[in-house]
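Engineer:
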Amino acid sequence: MRKLLLLVMVMLLVVSACGLGFAASQKILVYAKGADPRGLDPAYVDDGESGKIIVNIYDNLVRYKPGGTDIQPCLATSWTQSPDGLVWTFKLRKGVKFHDGTPFNAAAVKFNVDRQLPPNATDDMPYASFTFEPVKKVDVIDNYTVRFTLKHPYAPFLANLAMCMAAPIVSPTAVKKYGADYNQHPVGTGAFKFEKWDKDQQIVLSRNANYWGKKPFADKVIFKTTKENSVRASEMITGAIDMMDGVDPNDVKKLESSGVKVLKKPGMNINYMGFLTHKKPFNDVRVRRAISMAINRAELVKYLYQGYAEVANGPLPSFIPGYDPKLKPLGYNPTEAKKLLAEAGYKDFSFTFITYSNPRPYNPVNGVKLAEAVQAELLKIGVKTNIKVYPWTEYKPVLFKGEEGDAFFYGWIGDNGDADNFLSLLDSSQIETTLNSAKYKNPKVDELLRKGTLVSNEKERVKIYQDLQKILVEEAPWVFISHATDLYAYRPNVKGFNPHPTGVTWLEGTTK
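Everything in the sequence shown is counted per full-length UniProt numbering, starting at 1 for the first residue and increasing by one.
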């Protein structure tokens with residue numbers, strides 16, 4: 001009976017691979033996730049779903065070490081910084097080629113940065129200013145030496161060059177060849193080459209046999225889009241997929257009891273509800289504070305996330321330098337909330353949330369369930385809410401316009417382990433780049449953010465960011481909800497699956 005059962009399981013896996021259109025002899029990894037990416041050109045995206053694919057197609061000058069945000073060489077083999085912090089010189093790896101056969105060199109690095117600097121940068125390059133704002137110019141010293149000159153010292157500069165947005169190096173030849181269609185023809189130097197993208201279904205990558213680094217195990221990697229958590233969990237149990245992210249906390253026991261491995265890691269993220277602070281009613285800080293105090297975050301987090309999230313006291317996870325353990329968030333106080341609303345002239349009013357339909361790493365139960373839970377909380381103080389739901393690929397453009405709804409649900413996964421990466425989401429200069437979705441403006445916050453990037457002393461930076469967070473608690477542009485535990489599942493035969501705290505996974509070392 002055992003032999004028969006094993007034979008049936010093997011046949012199911014063979015049929016599954018063939019059903020995806022690939023020969024059974026090929027080594028195929030199937031990674032299921034909850035939403036399609038917004039794009040595959042790192043200059044034009046700002047979402048984690050895109051980042052998961054991008055890191056496997058492209059390389060950066062530098063790369064994070066496994067399990068953390070310490071920096072190691074990648075396309076750059078070494079670098080130096082001038083004493084004044086203004087000049088960075090990188091020595092580049094020789095003999096590397098893009099997937100289209102063209103050479104990687106200093107000119108390619110300059111092209112990648114220049115297209116994201118004024119006057120070339122466009123408004124739909126959300127990370128351009130975030131990553132390269134301090135860059136004054138890039139000079140090619142020789143074929144394998146490139147020099148960045150900054151306008152001012154910038155503490156997160158090197159860490160930002162490892163991010164999966166803006167910083168990955170694309171093929172200049174491919175960008176020029178495909179123009180506006182480059183998003184459908186991404187070309188990097190990474191461990192895997194782009195093969196095809198079936199919208200809302202799957203993205204297929206194939207092995208780069210000429211990869212300069214560790215040769216990938218898999219012949220193909222399929223990133224499968226499966227919106228429903230329950231369906232992904234079922235696919236994992238049956239063996240139709242090898243790995244998945246965004247595990248619903250309610251599915252953990254079921255997965256583990258079936259023999260599936262569930263990986264649990266502290267999440268470098270923030271799950272929040274934001275207010276559109278540029279228009280009524282949430283241009284009034286009293287209304288923002290009232291709504292914040294009307295939500296019992298501790299009960300909400302306990303109910304929704306089943307112990308796989310902790311209540312957020314502020315925007316920063318506890319292991320990010322700059323976190324303040326003494327920070328006191330607005331507590332649950334429905335009586336005070338009612339008082340503030342009456343004082344502001346908004347007693348028994350109603351407003352509209354916008355939210356996303358899919359699960360996210362910072363909110364694995366999905367945006368609708370979270371919105372409904374908050375809706376129930378607010379009804380207790382007489383505030384009625386409407387909920388408008390959008391698919392992920394539609395949600396972000398709607399959110400960034402700032403015209404739909406009055407409040408929104410969103411979150412952030414840290415890109416580089418630096419406090420600036422979280423707190424800059426409330427920088428008024430990022431309103432136009434779409435990162436500041438709350439449209440929040442506060443000159444003091446802007447001043448502290450600038451100061452934090454100019455200072456290199458870690459203790460001074462921590463003090464700056466702690467002072468800044470106190471302002472955010474008082475001003476309440478966000479309701480800080482939770483920091484989710486990162487939950488991933490994988491089949492017991494999968495080895496070397498090591499998701500990074502930034503929410504991406506390099507798959508060249510993953511085997512089965």
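Glycine residues also receive a C-beta, built at the ideal position from the N, C-alpha and C atoms. Computed from a predicted model, the values in this text were never measured in an experiment.
(1) What is the DSSP secondary structure of L472, counted as helix, strand or coil?
(2) Just to confirm my understanding: we take P334, look at its own chain, exclude 5 residues before and 5 after, and list those with CB closer than 6 Å. What are they?
(3) For P499, collect the residues of the same chain with a Cβ closer than 8 Å to its Cβ; drop the 5 residues on either side in sequence, then sort them by chain order.
(4) How about A191 and G213: do their beta carbons lie closer than 8 Å?
(5) Which residue marks the beginning of the beta strand (DSSP E) containing A438, and which one marks its end?
(6) Give the C-beta separation of S437 and F408 to the nearest angstrom, bearing in mind that I take them to be a contact with Cβ-Cβ under 8 Å.
(7) How is F132 classed by DSSP in three states: helix, strand or coil?
(8) Are the CB atoms of A484 and Y305 within a distance shorter than 8 Å?
(9) Could you give the uninterrupted runs of the beta strand (DSSP E) lying entirely in the segment 233-288, keeping only those of 3 residues or more?
(10) Restricting to Cα atoms, I'd like to know which of G503, L423 and L117 is closest to P134.
(11) Apply the 10 Å Cβ neighbour rule to N493 and answer buried if 16 or more other Cβ atoms are within range, or exposed otherwise.
(12) Can you tell which of D420, P359, Y362 and P321 has the C-alpha that lies nearest to the C-alpha of V462?
(13) From the DSSP output, read off the bridge partner residues of S78.
(14) From the DSSP output, in three-state form, read off K3 for me.
(15) Is it buried or exposed for I53, if we count other Cβ within 10 angstroms and need 16 for buried?
(16) Three-state secondary structure (DSSP) at S350?
(17) Assign G452 to one of three DSSP states: helix, strand, or coil.
(18) Which residue or residues does DSSP assign as beta-bridge partners of K495?
(19) If you measure between the beta carbons of Y127 and A166, is that distance less than 8 Å?
(20) I need the boundaries of the beta strand (DSSP E) containing R147, first residue and last residue.
(21) So that I know if they touch, is there some Cβ in chain C lying closer than 8 Å to that of K401?
(22) Measuring straight from C-alpha to C-alpha, what distance separates E447 and V140?
(23) Would you call the CB atoms of L340 and K470 closer than 8 Å?
(24) Ends of the alpha helix (DSSP H) at Y178?
(25) Keeping to the same chain, check which residues put their C-beta closer than 7 Å to that of E404; ignore five residues upstream and five downstream.
(26) Does the segment 96-109 come within contact of the segment 167-185, defined as at least 3 CB pairs closer than 8 Å?
(27) Mind the definition here: the segment 170-189 touches the segment 146-160 only if three or more C-beta pairs lie below 8 Å; say whether that holds.
(28) According to DSSP, N386 sits in a beta bridge with which residue or residues?
(29) Could you please give the first and the last residue of the uninterrupted alpha helix (DSSP H) stretch that includes F422?
(30) Which residues in the same chain have their Cβ closer than 6 Å to the Cβ of V252, if we skip the five residues on either side of it in sequence?
(31) Do the segment 37-45 and the segment 62-75 touch if we need at least three Cβ pairs shorter than 8 Å?
(32) What is the rounded straight-line gap between the Cα of V368 and the Cα of P501?
(33) Could you round the C-beta distance between V146 and L92 to whole angstroms and report it? I think they count as a contact, below 8 Å.
(34) Look up A312 in the DSSP assignment and say whether it is helix, strand or coil.
(35) Determine which residues share a DSSP beta bridge with T225 and list them.
(36) Does the count of Cβ pairs from the segment 452-459 and the segment 277-285 closer than 8 Å reach three?
Structural biologist: So, to answer that:
(1) helix
(2) A294 and I381
(3) D245, L263, K265, D486, Y488 and T505
(4) yes
(5) Per DSSP, A438 belongs to no beta strand (DSSP E) and is neither H nor E.
(6) 7 Å
(7) helix
(8) yes
(9) 261-265 and 269-275
(10) L117
(11) exposed
(12) P321
(13) K91
(14) For K3, the pLDDT reaches just 43, beneath the cut-off of 50, and the residue's location in the model is therefore unreliable, although a value from the coordinates is still provided. In the structure shown, K3 sits in a helix (DSSP, three-state: H, G or I).
(15) buried
(16) strand
(17) helix
(18) T511
(19) yes
(20) T145 to L150
(21) Here there is only one protein chain, and chain C is not present.
(22) 34 Å
(23) no
(24) P172 to Y178
(25) I354, K388 and V398
(26) yes
(27) no
(28) T352
(29) A419 to L423
(30) V262
(31) no
(32) 25 Å
(33) 7 Å
(34) coil
(35) K33
(36) no
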